[in-house]
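**Q** Supplied in C-alpha cells, the structure appears directly below.
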Amino acid sequence: MRALNRKLLRDLWHMRGMAAAIGLVLVGGVSTFVMSLAAYDSLALTLSRYYSEQHFAEVFAQLKRAPESLADRIATLPGVDRVETRVIAPVTVDVAGFDDPVTGRLVSLPEFEKPALNVPYLKSGRLPAPRSEDEIAVSEEFALAHGFVPGDRLDVTIKGHREVLRIVGIALSPEYMYAIPPGAFFPDHKRFGIFWMGRRSLATAFEMDGAFNDVSLTLQAGASDAEVITRLDRLLERYGGLGAFARADQFSHRFMTEELRQLETMATVFPIIFLSVAAFLLNVVIGRLVATERDQIATLKAFGYSTGDIAVHYVKLVLAITAMGLAAGIVVGAFFARGLAAVYRDFYSFPYLEFRLEPGIVASAVSVTLAAALAGTLWAVRRAAALSPAEGMRPEPPPVYRATLLERLGLRGRFSEPTRMIFRHIERRPYKALLTVIGMSLACSILMITNFQEDAIEYMVEYQYGLSQREDMTVLFTEPTPRRARYSLSRLDGVEQTEVYRLVPARLSFGHRSHRMAVRGVEDGRSLQHILDADLREVPIPEAGLVLTGYLATDMLGVAPGDSVTVEVLEGSRPVFQVPVAAVTSEYLGVHAYMKRDALNELMREGPAISAAYLAVAEGRENEIYRELKDTPRVAGTVIRETAISQFREMMDETILYFAFVTALLGGFIAFGVVYNSARVALSERARELASLRVLGFTKGEIAYILLGEMGLLTLAAIPLGFVFGIGLSAFLAHAFRSDLYRVPLIIHPSTYALSAGIILLSFALTAFAIWRNLSRLDLIEVLKTRE
Amino acid sequence: MIQSDRQVTPPRTVFHAHGLTKVYDMGEIQVHALRGVDLDLYSGELVVLLGPSGSGKSTLLNILGGLDSATAGTVLYHGHELTRASEKELTEFRRDHVGFVFQFYNLIPSLTARENVAAVTEIVSGAMRPEEALELVGMGARLDHFPAQLSGGEQQRVAIARAIAKRPAVLLCDEPTGALDSETGIVVLEALETANRELGTTTAVITHNAAIAQMADRVIRLANGQIGAVESNQHKLAPAELSW
Ligand SMILES: Nc1ncnc2c1ncn2[C@@H]1O[C@H](COP(=O)(O)OP(=O)(O)O)[C@@H](O)[C@H]1O
Ligand SMILES: [Mg+2]
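These protein sequence lines are chains A and B, in that order.
When we follow the working numbering, the leftmost residue of the first sequence carries the number 9, and every step to the right adds one.
When we follow the working numbering, the leftmost residue of the second sequence carries the number 16, and every step to the right adds one.
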C-alpha cells in the first residue's frame, strides 16, 4: 500500500494548516500533562532522596526545658528508632547596611558527635566545630539574600547580649525548606535565617546546660506515629511539651506536600480540557476530509481495497497528526517541567534537583493522547470505511436547509440573504455549532483560570493586609507578659495605637478529629485587627466561646456553632476545657481560633497576660521603633507589615506566573486551533457555494461576511459560555487547593474576563485574516468545474 | 473463491443475470431502477449497454461489479452467485477480477498517474507494471503528472490504464466518454478497444450515446429498468470511424 501511504503524506501536506492547528492543541494537552507530572515526579524523587540522605526526622516535639537524661527514656519508647535532642532559640541579627528587623533561629548541633537527624546539607564551607564558641553555619537563602560567604562575621543579639559570630559554612535543611519567621505567613529570606551553632555555647547562652527544648526522632519500621506521639506527649508533659507531631504536620513538609498535590491536580485538569478539544477538532477535520474524499474511497473500494484497508488509512492519518503533536508535546512538556521544577527548587531551597522524565509518564501521555485522538475520529473513520462504493460514487446529496426558527417566527424580512444563509447554516448542524462553541469556551475558561489565580491572590492580600490586619508592626514576646507591657509600647516615640493579644498553644479536638494550633485571646475595641465573616462584617467575639475559621470548623474538626470543642492547652499548667463554638469567620490564610483575652486568661488561671501586640506607628518610624525594641529582653521578634506584603507578592508572582504564562500560551493555542479549523472546514464545505455567489456578482467582502459571520457569531456565543466554564473551573480549582495553610477565594476581576475574551477575539481576527487570504485565492472556474 | 479464467473459448458466459430488480426506497416514494433484468455477458466480447439517462444502466453495472446489491434476482459470475456473496468476498472479487472506468475518472488527486495505477497493482498479484499499462493507453510520457495537470481525456486514459493494469477478467465502463468531447472520446474508446483486443478482457461499456454502439460486438438496449433489445453487431467499426 505504498501508493496509499504517499497519498497520506500528500493529504497531510495539503491540510498542513489544520493539522498544525490540531497539533498545537495536542501539544497543549501533552505538554501540560508531562510538565505537571514530570515536575511532580522529579520533585518528589528529589525530596525523598534529600529526606533520606539528611535523615529527616519523622516525629518532632518542642518543649520548655527537659534534662538531657530524658533522651534515653524517649529512646526506649516502643517504636522509637533514633532520637536527637536540640536547643533551638530565637535570635536577633544586625546586618550592616540593612535597617529592617532581621531575626533568626539558632539550631544546635550535637556537642560530641555528628548530627544524626535533620542533618544540614552543606553547600559550602564546613559545619561549626563541635565545641567552638562563635562558629555558625547559615541557611543558604539568608546568605544569598545578603551576600554572606564563609569567613564573614554576623552581629547578633542573644538574650540581650551582643555577640559577633563567624560564618564557617552555608547549609540547607529538609526541615526548613519553607522557613517562615514567627508571626508571618511567608518566607522572607532577607529578614529571617536559620543558624546552626555548637550545642554548648548555645545552651550556655540560653541556660540550657544539660537540657534540651526540642526533640526529633525516627521510627522503627512498622511503628505507628500516632502511638509514639501519644507516649511522647505524656513523657514531655511535665517539661512543658508543646505537643508532638508527625512529619506530615511538620510545617515545611506540609507546604511542600500541598504544592505537589496541586501539581497533580493540574496534571489532570488541563490535559482533560486540551485533549477533549483536540479530539473534537480531529473529529471535525477528519469528518470533513472523509466527506471530500468519498468518491476516492468509493474508487479504492471498487478496485478491491477492503473496508479494513480504508479504516487503516484514515487511522494512520490521525496517528500521523497525533504523533507530531505527541512528540512536540513531550519535548515541550519536558522543557517546561524542568523550568517549573527549577522554579520550585529555588523557591523551596532544594539543595539540588534530580530531574527525570519517567518512561511511565511518557507512556501514559502517549496512551491517553492516542485514546483521545482515536475516540475523536472513530465515528468519521467508521463512516469512511463503511461507505458503500456505489453510494460513494454518487455526489453527496445537497444539504437540506430550511427556514430558521428566527425566520419562522416571522422575522424573515429583517435579515438580508447573506445573514439568512448564516442562520440557516448554523441551524442545519446545531450540534456541530454547539461543539464549536464549547471548544472555544474551553479555551476561554483556561485563559480565565490562569488570571483567576492572580486575581484571587490579589484579593487574599487585600483581605489579609488591607481589611483584616491593619497594623504596621507586630511585636512578639518570648513568654506570656503582663498586659501592662502595652503601656511601655504605646509610650514609644511614634507609636500611635497598640492592640494586644494572648496566644496559647493548644490542641483543639472534636470527636476523633483534632488540630494543633494557637488560640488567640483578643480584646474588644480592636481597630488594627478585624475578624471578618464572608460578607466582610466584623464577627463579634462572645464573652465565653470560640470563634473559628470556617475551614477549621467545617472541614477540619466538623463542628458547627453550638457544638463544644475540647481545648487542650499545651503550656503552663496545661488545662483542658470545653468551649462552645459561637461563630465562624471567613479567612483565607491559615486557620485561627479566637476568644476574649480575659476569658482565655481566666481559663488559663492566669492574670491579664499577653503574648504579642500590634502597633500602628507614624509613617516611616517602623525601623526606629524596631531598633528600640530589638534589645528589649522579652521581645522575641518584630514583623513589619509593609515588608510582609511585598514579600507575599514576590513569592506568589514567581511560582504562579510561570504556570500562568504556560497555560495562557496554551489556552491561546486552543482558541486558535478551534476557530481556525472550524473556519477552514466551513470554507472547504462551502467553497462551491461561495464561488457561485462570486460568479453571480457578490463581492469578496460579502462572501467573507457569509463565512466569517457564522464563525463570528459562534465566537460571540462562546465568550459568555466560556465565562461560565471559567467560573466553574476556577471554583473547582479553588476547592481542590483548599488546605489549612490557605484557601483561594473565588474572585475574578472584570479585567480577567476582558483579557480572556480579548484573546478569543484575537484568535478570531487571526483566523479571519488567514481565511481572507484563502478567499482571495478562491478559483471561480476551478471550483465550478469540479463535479458534484 | 473464484478462479480466474482468461482463456478465450467463446461463447463462455462470464455474467449471468436473472430477474435483477433494484428498488431505491426513498421514504415516501420508491424508485424502481431495475425491473427484472435478464442478461448474459460472454467472455472476451465488447458489449455496449445503451439507454437514456435514468434507465438503470449504472445501477446494473454496479450490481454486476459487486459495488451494489440487488433487491431481488441473481447474478452469477462464472457460476458463482454474487448476489449471495459476503462483503469480504465481493471485495476479493473486485480486486481480482474487475476493472472499473467511471464517467468522472475518479483518480486520486493526490497521486500521480503512475501512482494511481500503482495503488491498484500493488494489491493484486500478476499485474502489469504501471508504466506498461500507461504505455498501452498512450500515456507513457505523462507518468509523473498529477490528475490536475492532465486534460479530461488524459485522465480517463489513466483511469483505463488503472483498470486494465491488473489484467482483470472484466472491464466495466460507466459512460467513459460522457464528460469528453468526441475527439477525445474516440482516443479513450481506442484505449478500451486495445485492451479488449490485446488482453481479451470482457468489456461492458455504458453509454447513452448511440454512435458508440457501432464499435460493440453486441448492443444491449435498456429503457426504464428493463432490457429492450439485444443486437449482435455485424459491422463492427473501429473507434476512429465513429463520429458524433
Ligand atoms: N442511490 C439512489 N437512491 C435513489 N435513487 C437512485 C439511486 N441511484 C439511482 N437511483 C435512481 O435509479 C434510477 C436509475 O439510475 P441509474 O442507474 O443511475 O441510471 P443511468 O445510469 O441509466 O442514468 C434513476 O431514476 C435514479 O434516480
Ligand atoms: Mg449512469
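Heads up, the beta-carbon is just placed ideally off N, CA and C, and yes, glycines get one too.
With a threshold of 6 Å (Cβ to nearest heavy atom), would Ser73 of chain B be considered close to ligand 2?
**A** It does: the Cβ of Ser73 of chain B is within 6 Å (strictly closer) of some heavy atom of ligand 2.
**Q** Cβ-heavy atom distance between Val46 of chain B and ligand 1 below 6 Å?
**A** At least one heavy atom of ligand 1 is nearer than 6 Å to the Cβ of Val46 of chain B, so yes.
**Q** Quick check on DSSP: helix, strand or coil for Glu796 of chain A?
**A** For Glu796 of chain A, the predicted model reports a pLDDT of 39, less than 50, meaning its position is unreliable; a value from the coordinates is still stated below. Looking at Glu796 of chain A - three-state DSSP - the assignment turns out to be coil, as it is neither helix nor strand.
**Q** Of the residues A:Phe772, A:Ala254, A:Gly168 and A:Ala388, which one's Cα is nearest the Cα of Ala319 of chain A?
**A** Ranking the options by Cα distance to Ala319 of chain A, first place goes to A:Ala388.
**Q** Could you give the uninterrupted runs of the alpha helix (DSSP H) lying entirely in the stretch 226-271 of chain A, keeping only those of 4 residues or more?
**A** Fully enclosed alpha helix (DSSP H) runs of 4 or longer: 233-244.
**Q** Just to check, is the beta-carbon of Gly88 of chain B closer than 6 Å to a non-hydrogen atom of ligand 1?
**A** No; taking the cut-off as 6 Å, the Cβ of Gly88 of chain B has no heavy atom of ligand 1 nearer than that.
**Q** Going by DSSP, what residue range makes up the alpha helix (DSSP H) through Gln170 of chain B?
**A** Segment Gly167 to Ile179, the alpha helix (DSSP H) holding Gln170 of chain B.
**Q** Considering only C-alpha positions, which residue in the set A:Lys131, A:His169, A:Ile30 and A:Leu210 is nearest to Leu152 of chain A?
**A** Looking at the Cα atoms, A:Lys131 is the closest of the given residues.
**Q** Is there a Cβ from chain B that is less than 7 Å from the Cβ of Lys15 of chain A?
**A** Yes, its Cβ sits closer than 7 Å to a Cβ of chain B.
**Q** Compute the Euclidean distance between the alpha carbons of Ala451 of chain A and Ala679 of chain A, then round it to the nearest angstrom.
**A** Those two C-alpha atoms are separated by around 5 Å.
**Q** Decide yes or no for the touch test of the stretch 28-38 of chain B against the stretch 186-201 of chain B: beta carbon pairs closer than 8 Å, at least 3 of them.
**A** No contact exists between the stretch 28-38 of chain B and the stretch 186-201 of chain B.
**Q** In chain D, which residues lie less than 9 Å from Asp83 of chain B when you measure between Cβ atoms?
**A** Judged by its chain identifiers, the structure shown contains no chain D, and its protein chains are A and B.
**Q** Measure the C-alpha to C-alpha separation of Gly177 of chain A and Thr330 of chain A and round it to an integer number of angstroms.
**A** One C-alpha to the other measures close to 52 Å.
**Q** Quickly, what does DSSP pair Glu205 of chain A with across the bridge? List them, please.
**A** In the sequence under discussion, the amino acid at residue 205 of chain A is Met, which differs from the Glu named in the question. Its beta-bridge partners are A:Ser116 and A:Ile144.
**Q** Determine, for Thr307 of chain A, whether the minimum Cβ-Cβ distance to residues of chain B falls below 7 Å.
**A** Yes, its Cβ sits closer than 7 Å to a Cβ of chain B.
**Q** Use the C-beta contact count for Ile618 of chain A: other C-beta atoms within 10 angstroms, 16 or more gives buried, fewer gives exposed.
**A** Ile618 of chain A should be labelled buried.
**Q** In the DSSP assignment, find the beta strand (DSSP E) that holds Glu576 of chain A and state where it starts and stops.
**A** Residues Ser572 to Val577.
**Q** Just how far apart, CA to CA, sit Val584 of chain A and Pro75 of chain A?
**A** Taking the straight line joining both Cα atoms gives about 26 Å.
**Q** Would you kindly check if the distance between the Cβ of Val139 of chain B and the Cβ of Arg110 of chain B is under 7 Å?
**A** Their beta carbons are under 7 Å apart, which means Arg110 of chain B touches Val139 of chain B by this criterion.
**Q** Could you compute how far the alpha carbon of Arg24 of chain A sits from the alpha carbon of Thr74 of chain B?
**A** Computed Cα separation, rounded: 38 Å.
**Q** Could you spell out where the beta strand (DSSP E) holding Gly69 of chain B opens and where it closes?
**A** Neither: Gly69 of chain B is in no beta strand (DSSP E) and is coded neither H nor E.
**Q** Quick one: which chain B residues come within Cβ less than 7 Å of Leu12 of chain A?
**A** Per Cβ cutoff of 7 Å: Ala134.
**Q** So is Phe161 of chain B in contact with chain A if we call contact Cβ pairs under 7 Å?
**A** With 7 Å as the cut-off, Phe161 of chain B does not count as an interface residue toward chain A.
**Q** If you measure from the beta carbon of Thr106 of chain B to each beta carbon in chain A, is any gap under 7 Å?
**A** Taking Cβ atoms only, chain A reaches closer than 7 Å to Thr106 of chain B, which makes this a yes.
**Q** Taking 6 Å as the cut-off, does the CB of Ser70 of chain B come closer than this to any heavy atom belonging to ligand 1?
**A** Checking the Cβ of Ser70 of chain B against ligand 1 gives yes.
**Q** Any beta-carbon of chain B closer than 7 Å to the one on Phe344 of chain A?
**A** Phe344 of chain A does not count as touching chain B.
**Q** Could you check what DSSP says for Phe585 of chain A in three-state terms: helix, strand or coil?
**A** Reduced to three states, the DSSP call for Phe585 of chain A is strand.
**Q** Give every residue of the same chain whose Cβ lies closer than 8 Å to the Cβ of Val555 of chain A, excluding the five residues on either side of it in the sequence, and list them in chain order.
**A** Taken in chain order, the residues that qualify are Ile539, Val547, Ile549, Val589, Ala590, Ala591, Val592, Thr593, Ala601, Tyr602 and Met603.
**Q** Closest Cβ-Cβ distance between Asp463 of chain A and chain B: below 7 Å?
**A** For Asp463 of chain A, the answer is no, since every Cβ of chain B falls outside 7 Å of its Cβ.
**Q** Under a three-way DSSP split, which group does Ala726 of chain A fall into?
**A** It is helical.
**Q** Can you find at least 3 beta carbon pairs, one from the stretch 760-776 of chain A and one from the stretch 720-732 of chain A, that sit closer than 8 Å?
**A** With the cut-off at 8 Å, the stretch 760-776 of chain A and the stretch 720-732 of chain A touch.
**Q** Got a sec: is the Cβ-Cβ distance from Asp19 of chain A to anything in chain B below 7 Å?
**A** Answer yes: the Cβ-Cβ gap between Asp19 of chain A and chain B drops below 7 Å somewhere.
**Q** Applying the criterion that 16 or more other CB atoms from any shown protein chain within 10 Å of the CB defines a buried residue, is Gly675 of chain A buried or exposed?
**A** Gly675 of chain A should be labelled buried.
**Q** List the residues of chain A that Arg110 of chain B touches, going by C-beta distances under 9 Å, in chain order.
**A** Within 9 Å Cβ-Cβ: Phe311, Gly312, Tyr313 and Ser314.
**Q** Which same chain residues, not among the five before or five after Glu362 of chain A, have their C-beta less than 7 Å away from its C-beta?
**A** Ser50, Leu53, Thr54 and Arg57, listed in sequence order.
**Q** Among the candidates B:Ser58, B:Leu82 and B:Val234, whose CA atom is the shortest distance from the CA of Ala225 of chain B?
**A** When only C-alpha atoms are compared, the closest one is B:Val234.
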